[in-house]
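Student: Structure provided below as structure tokens; questions to follow.
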Amino acid sequence: MSKTPAYDLNKLKSTGMMKQKQGDLFSVRLKVVGGHITAEQLRALADAAERHGVGHVHLTTRQGVEVPCVAYEQIEALRETLAGADVEFGACGPRVRTITACQGSLCRYGLIDCQQLARSVDAHVEGIEGLPHKFKLAITGCPNGCIKPQENDLGIMGQSYVERDAELCLDCGLCADACRPGALTIEHGGLVEDRSLCNNCGMCVGVCPVDAISATGCGYAVFVGGKMGSEPRLADRLPFEVGDESILLNVITATLRWYTENGTEKERFGTTIDRVGLDNLIESLTDEVQGLSDV
Amino acid sequence: MTSETGDDALVLTGGTCPAIFNDIDAHLGAVAPGETVKLIASAGEQVASIARGLKADGHTIIGTERDDDSVSMTVRRQSGSPSDNAGECCPGGSCR
């Protein structure tokens with residue numbers, strides 16, 4: 029048995045290295061933004077797992093990759109092996125964690141480019157320290173919510189804003205067939221709209237045979253305070269429409285600042301919201317971020 | 018399971034993805050560009066999914082008739098081969 033080397037566990041954790049039950053072995057978390065890994069990176073991962081681990085990787089629940097069973101002495105060699113394929117170590121501890129995202133613009137339902145946005149948000153939050161606890165962020169392309177934004181500390185959902193030209197409408201009802209929330213219905217042979225039920229999925233645009241319904245633009249809905257684990261909490265939807273990326277990034281910055289100022293050590297964001305009040309957060313965001321419009 | 022009725026309508030009610038899209042492609046492929054076919058689908062998600070796929074492929078829904086549980090659509094085939102723009106029920110047609 030080799031002598032246990034001296035190391036700072038917190039420092040290691042901050043860059044993605046988690047000590048295992050087994051002696052001086054670490055599971056090394058890698059940075060994977062939006063679940064996007066190139067073929068070259070996959071080859072490097074396979075090589076790294078064989079050379080510095082035990083020949084396998086672990087896929088995490090949040091689109092991440094970990095290389096388990098890496099001896100402390102192998103960590104720097106692992107870092108060098110992966111650097112050649114532009115793969116970095118990830119983050120643990122009280123930081124913004126891996127940003128998850130669906131395929132967005134590749135999916136026929138996707139309303140926004142989630143992959144581009146994930147990279148943009150990742151760059152925006154890089155280096156932010158001093159959060160009370162971990163902070164998970166997810167980006168989903170449409171209200172189908174495949175990436176589960178409601179289970180994250182901050183979830184972003186693509187939105188499509190639409191308008192209907194009643195003069196062009198044939199009252200065929202295909203949009204009502206496509207409208208899951210029931211915002212569009214056929215009553216007495218005519219189309220009836222209830223905008224309060226619309227979730228901005230844009231499905232009605234895709235089915236209208238005469239283009240009586242058209243998209244006027246895209247934006248983002250923002251969910252806050254979601255978490256799973258031992259005390260699950262679904263996120264609250266903020267009562268704003270966020271119309272462009274720069275405003276969205278400001279919302280993220282202001283949200284993280286509010287959490288840092290109001291959260292206590294080891295307190296998840298949702299718990300802080302429950303303790304301090306969602307209205308307090310909304311008021312803070314309204315004061316701090318220009319360009320928000322009410323839902 | 019899909020079937021053709023006496024008036025050459027393709028009945029898609031009860032069918033599942035992706036088979037119904039293959040049937041639609043074949044049905045449209047049997048007529049010349051600019052000609053019409055009739056498709057009958059279940060009201061709700063099925064007809065919405067089919068309408069979305071047809072529109073994405075450039076075909077034109079020129080009429081609909083609705084009864085309690087189904088919708089009959091008259092569809093004009095786009096110019097070009099249907100297989101060039103095969104209706105996709107999944108991203109990239111990956112479920113085919």
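Protein chains in written order, with the numbering used here: chain L, 29 to 323; chain X, 18 to 113.
Note that CB positions come from ideal geometry on N, CA and C, so glycine has one too.
Pull up the distance between the alpha-carbon of V220 of chain L and that of A73 of chain X, whole angstroms please.
Tutor: Between V220 of chain L and A73 of chain X, the C-alpha separation is close to 25 Å.
Student: My understanding is that L58 of chain L touches V115 of chain L, with C-beta atoms under 8 Å, so please give their C-beta distance in whole angstroms.
Tutor: Sure, about 6 Å apart at Cβ, within 8 Å.
Student: Any Cβ of chain X within less than 9 Å of the Cβ of R136 of chain L?
Tutor: Yes, contact with chain X.
Student: Just checking, does the stretch 257-269 of chain L make contact with the stretch 128-143 of chain L on the three C-beta pairs under 8 Å criterion?
Tutor: No, the stretch 257-269 of chain L does not touch the stretch 128-143 of chain L.
Student: For the candidate residues X:T30, X:L29, X:G61, X:A49, whose alpha-carbon lies nearest to that of G210 of chain L?
Tutor: Residue X:G61 is the option with its Cα nearest to G210 of chain L.
Student: Are the stretch 88-98 of chain L and the stretch 44-55 of chain L touching by the rule of at least three beta carbon pairs closer than 8 Å?
Tutor: Segments in contact, yes.
Student: Which whole-angstrom value describes the C-beta separation of Q102 of chain L and H80 of chain L, a residue pair presumed to lie in contact below a C-beta threshold of 8 Å?
Tutor: Confirmed, Cβ separation roughly 4 Å.
Student: Keeping to the same chain, check which residues put their C-beta closer than 7 Å to that of S111 of chain X; ignore five residues upstream and five downstream.
Tutor: Reliability of the predicted coordinates at S111 of chain X is poor, the pLDDT of 39 falling under 50, and no value is obtained from them.
Student: Since I believe D52 of chain L is in contact with A24 of chain L (beta carbons under 8 Å), could you give me their beta-carbon distance rounded to a whole number of angstroms?
Tutor: Missing from the structure shown is residue 24 of chain L; chain L here goes from 29 to 323 and no further.
Student: For R296 of chain L, which residues in the same chain have their Cβ closer than 6 Å to its Cβ, ignoring the five residues on either side in sequence?
Tutor: Correct list, in chain order: H161, K255.
Student: How would you call H216 of chain L, buried or exposed, if buried means at least 16 neighbouring beta carbons within 10 angstroms?
Tutor: Under this definition H216 of chain L is an exposed residue.
Student: Leaving out five residues on either side along the sequence, give the residues of the same chain with a beta carbon under 8 Å from the beta carbon of I57 of chain X.
Tutor: So the qualifying residues of the chain are T22, A26, L27, V28, L29, T30, S87, V88, S89, M90.
Student: For the stretch 272-283 of chain L and the stretch 309-323 of chain L, state whether three or more C-beta atom pairs, one from each stretch, are separated by less than 8 Å.
Tutor: Judged by Cβ distances under 8 Å, the stretch 272-283 of chain L makes contact with the stretch 309-323 of chain L, as three or more pairs qualify.
Student: K41 of chain L to V323 of chain L, Cα distance in whole Å?
Tutor: Between K41 of chain L and V323 of chain L, the C-alpha separation is close to 40 Å.
Student: Is the beta carbon of T66 of chain L closer than 9 Å to that of R90 of chain L?
Tutor: No, the Cβ-Cβ distance between R90 of chain L and T66 of chain L is not below 9 Å.
Student: Pick out whichever of L:F251, L:R261, L:D199 has its Cα sitting closest to the Cα of V235 of chain L.
Tutor: Comparing Cα-Cα distances from V235 of chain L to each of L:F251, L:R261, L:D199, the minimum goes to L:D199.
Student: What would DSSP say about E105 of chain X, mapped onto helix, strand or coil?
Tutor: Note on E105 of chain X: pLDDT 48, under 50, position unreliable in the model; the coordinate value appears next. DSSP places E105 of chain X in coil when its eight states are reduced to three.
Student: Nearest-angstrom Cα distance between D75 of chain L and K164 of chain L?
Tutor: Near 29 Å, if we compare the C-alpha coordinates of K164 of chain L and D75 of chain L.
Student: Identify which residue in L:V252, L:T168, L:K176 has its Cα closest to the Cα of S188 of chain L.
Tutor: Nearest option by C-alpha distance: L:T168.
Student: Quick one: which chain X residues come within Cβ less than 7 Å of V235 of chain L?
Tutor: Those are A65, A68, R69, K72, listed as they occur along chain X.
Student: Considering only their Cβ atoms, is the gap separating I301 of chain L from V250 of chain L smaller than 9 Å?
Tutor: Contact flag unset, no.
Student: Are the CB atoms of M185 of chain L and Y287 of chain L within a distance shorter than 9 Å?
Tutor: It is not a contact, given that the beta carbons lie outside the stated cut-off.
Student: Mind checking whether the beta-carbon of C226 of chain L lies closer than 8 Å to any heavy atom of the ligand SAM?
Tutor: The ligand SAM is absent from the structure shown, which contains no ligands of any kind.
Student: Have a look at L:I175, L:L159, L:C226 and flag the residue whose alpha-carbon is nearest the alpha-carbon of G62 of chain L.
Tutor: The option with the nearest alpha carbon to G62 of chain L is L:I175.
Student: Taking L182 of chain L as the reference, give the member of L:C207, L:C203, L:V153, L:D205 with the closest Cα.
Tutor: Per the Cα distances, L:V153.
Student: With DSSP as the reference, label S55 of chain L as helix, strand or coil.
Tutor: Looking at S55 of chain L - three-state DSSP - the assignment turns out to be strand.
Student: Contact criterion: CB-CB distance below 9 Å. Does G31 of chain X meet it with respect to chain L?
Tutor: Not one chain L Cβ lies under 9 Å of G31 of chain X.
Student: Put T53 of chain X into one of helix, strand or coil per three-state DSSP.
Tutor: If DSSP states are grouped into helix, strand and coil, T53 of chain X belongs with the strands.
Student: Taking buried to mean at least 16 other C-beta atoms within 10 Å of its own C-beta, is I79 of chain X buried or exposed?
Tutor: When all chains shown are included, I79 of chain X counts as exposed.
Student: Tell me which residues share the same chain as Q95 of chain X and place their Cβ nearer than 8 Å to its Cβ, disregarding the 5 neighbours each side in the sequence.
Tutor: Here the set comprises P50, D74, G75, H76, T77, N102.
Student: Since R261 of chain L sits in a beta bridge, which residues does DSSP pair it with?
Tutor: The partner list for R261 of chain L (beta bridge, DSSP) reads L:K255.
Student: I78 of chain X versus chain L: which residues are under 7 Å apart at the beta carbon?
Tutor: P237, listed in chain order.
Student: Quick one: which chain L residues come within Cβ less than 7 Å of R83 of chain X?
Tutor: Per Cβ cutoff of 7 Å: G201.
Student: Along the beta strand (DSSP E) that carries G186 of chain L, what are the first and last residues, could you check?
Tutor: 182-192 is the span of the beta strand (DSSP E), which, as asked, contains G186 of chain L.
Student: What residues in the stretch 197-222 of chain L bring their beta carbon closer than 7 Å to a beta carbon of chain X?
Tutor: Listed by position, the residues of the stretch 197-222 of chain L near chain X (Cβ gap below 7 Å) are C200, G201, L202, D205, A206.
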